[in-house]
Structures are given as structure tokens and as C-alpha cells.
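If you're matching positions, the sequence shown starts at 0 in numbering that gives the first Met the number 0 and goes up one per residue.
Every residue, glycine too, gets a C-beta built ideally from N, C-alpha and C.
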Amino acid sequence: MTLGLLPLETGGDYTPPGTEDFLWPSLMPGVLPDWVNKPLIQAVIGALLVIILWVVASRKLKVQPTKGQFFAEYLYEFVRNGIARDILHADFRKFLPYLLGLFSFLLVNNWFGQFFYFMYPAFSNVGFAYGLAVLSWLIYVGAGFAKWGFGGFLKRSLVPEGVPGYLLPLVIPLEFLATFITRPITLALRLFANLFAGHLVVMVFVVGGGWLLSQQDNLFYNISGGVSILFSLIIMLLELFIGALQAYIFTVLTAQYVSTSIAEAH
């Protein structure tokens, strides 16, 4: 008997969301290349919003701040004192603009997934996550090369202090992988996986709930659909927190990587 099975299992008309829903066509097929799509436009919009935010926030500052100035100052102090200065100490000022822009850009793009006009977090596309991770990696290794020189940074990164010489053939390849390969990959995948999974869960509840509500002759399906839609709203609120948390984690890890590359003691 198949009476208890869902329509998907009996060949019905319900198609669950999947990875194909994260593949976006060109905005103008046949005219523009495939990579000129919705995620790219969202990333550009996110960058413009961040630029406008900080340009406007830095003008006409008042002793008694307005609500907008208070929000901008709170965000600035959060990144400055809670991330940059705590991790990078005396060297924090030269890296603060990048860390502030990085956190703001991540936050805006992550929250796009909860705004109905967009309904898609840009970094649930792994290519964007890799791109931002590579940029942070370039800042990280560039800071090390700038401070210690090419050979000096490689020596400090690949040859830990106190390691016996006979272990160096084993240690150096491992340190190379950790410094130049593993860090940017894990930085990107951590961001991508959390946003991809969260958005997919929301899609499952919204699409599934909408289908269940459309079954007019089945009261149980209608009730289940209503509960599913309600639960999707709760998950979307949770995703707002996760989006902010992932922006914070990515920025903190970037600052920590830079700190290790310029620290006196390695």
C-alpha cells in the first residue's frame, strides 16, 4: 500500500528543492555570459551599499549622534575594538579598513537571503566564497612578505621553531599545505556550507509548505503546510543570526591569519 507515501514517492507533481535551484542563468541569455547573473548583481549591489553606507556615515558627524550615526559608530567600534585591535594589537590600524569593509560586505550579502526582493545569499554560491577567501589570503601572505621579505616569511611559515632537522622533510610540506592551501579553502567552504545549507532548508519548508497548502481536498496536508510555512519564518530569523555570525567568524579568522603572518614570535 502507498497511501501513506508523499507525492514525491508515488511519482506526484511535487519536486523538492535541490542544488539545481542554486544555478542561475545569465540575465540576458545569448547576449551576456553566464556568469553575469543574479548572484553577481547582488554582490555588486552589496558592494555599492557598503561604500554608500560608510561614505554617508563619515560625513557631517555630530557630537550628539543621530540614530544612523549611532548604528555606524557601533558597527565601526565592534570591528575596531572587538576584532582588529584585540587580534592585531599595535598593527590593527593598517588592516582596519579591509576588516571593516569585509565584515560589512559579508553581512549585507548574507542578509540578502532573508529579504524578499533578493531571497538569495550571494555566498551560497561557492565561487563568491572562494573569491573572498582568496582576497583575504592575499592580504594574509602579502602582510607577511611585506614585513619579513619573501625568504623570511617562507622560513617563518614553513619551519617552526624548535623542530629537529630530521623532521623538517615531513613538517615543511605540512606547513606549506596549512599556510598556502588549506586556509583559503576551509575559509571559503565554512562560509559557503553554512549559507547554502541554511538557504536550502528554508526553500524546503517554503516550497513544501506551499505545495501542501495547495492540496484543497486534504485537511492534514493543509495543516502541515501552514506549520511548514510558519516554521520557515522562524528559520529565516535564525538565518539572520547565522548570517551575522558567519560574517564575524570570517572576519575574525582573516584577522587571526594576518596576525600569525606578522607576529614577532611564530
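Leaving aside the five residues that flank Val-133 on each side, the residues in its chain whose CB is nearer than 7 Å to its CB run, in chain order, Pro-183.
Remark: fewer than three beta-carbon pairs, one from each stretch, lie closer than 8 Å, so the stretch 115-123 and the stretch 170-185 are not flagged as touching. In the structure shown, Asp-90 falls within a helical segment according to DSSP collapsed to helix, strand and coil. Annotated as proximal: Arg-189 and Phe-249, with beta-carbon spacing under 9 Å. Looking at the backbone, the Cα of Ala-142 and that of Gly-151 are separated by about 12 Å. Excluding five sequence positions before and after Ser-260, the CB atoms of its chain that fall closer than 6 Å to its own CB belong to Tyr-139, Ala-142, Gly-143, given in chain order.
Closest option to Pro-96, judged by alpha-carbon separation, among Gly-112, Lys-59, Val-62, Trp-53: Trp-53.
Taking C-alpha positions only, Val-62 is separated from Ala-192 by approximately 43 Å.
Counted as a single uninterrupted DSSP element, the alpha helix (DSSP H) harbouring Gly-225 occupies residues 218-261. The Cβ atoms of Ser-135 and Leu-173 lie no closer than 9 Å to each other.
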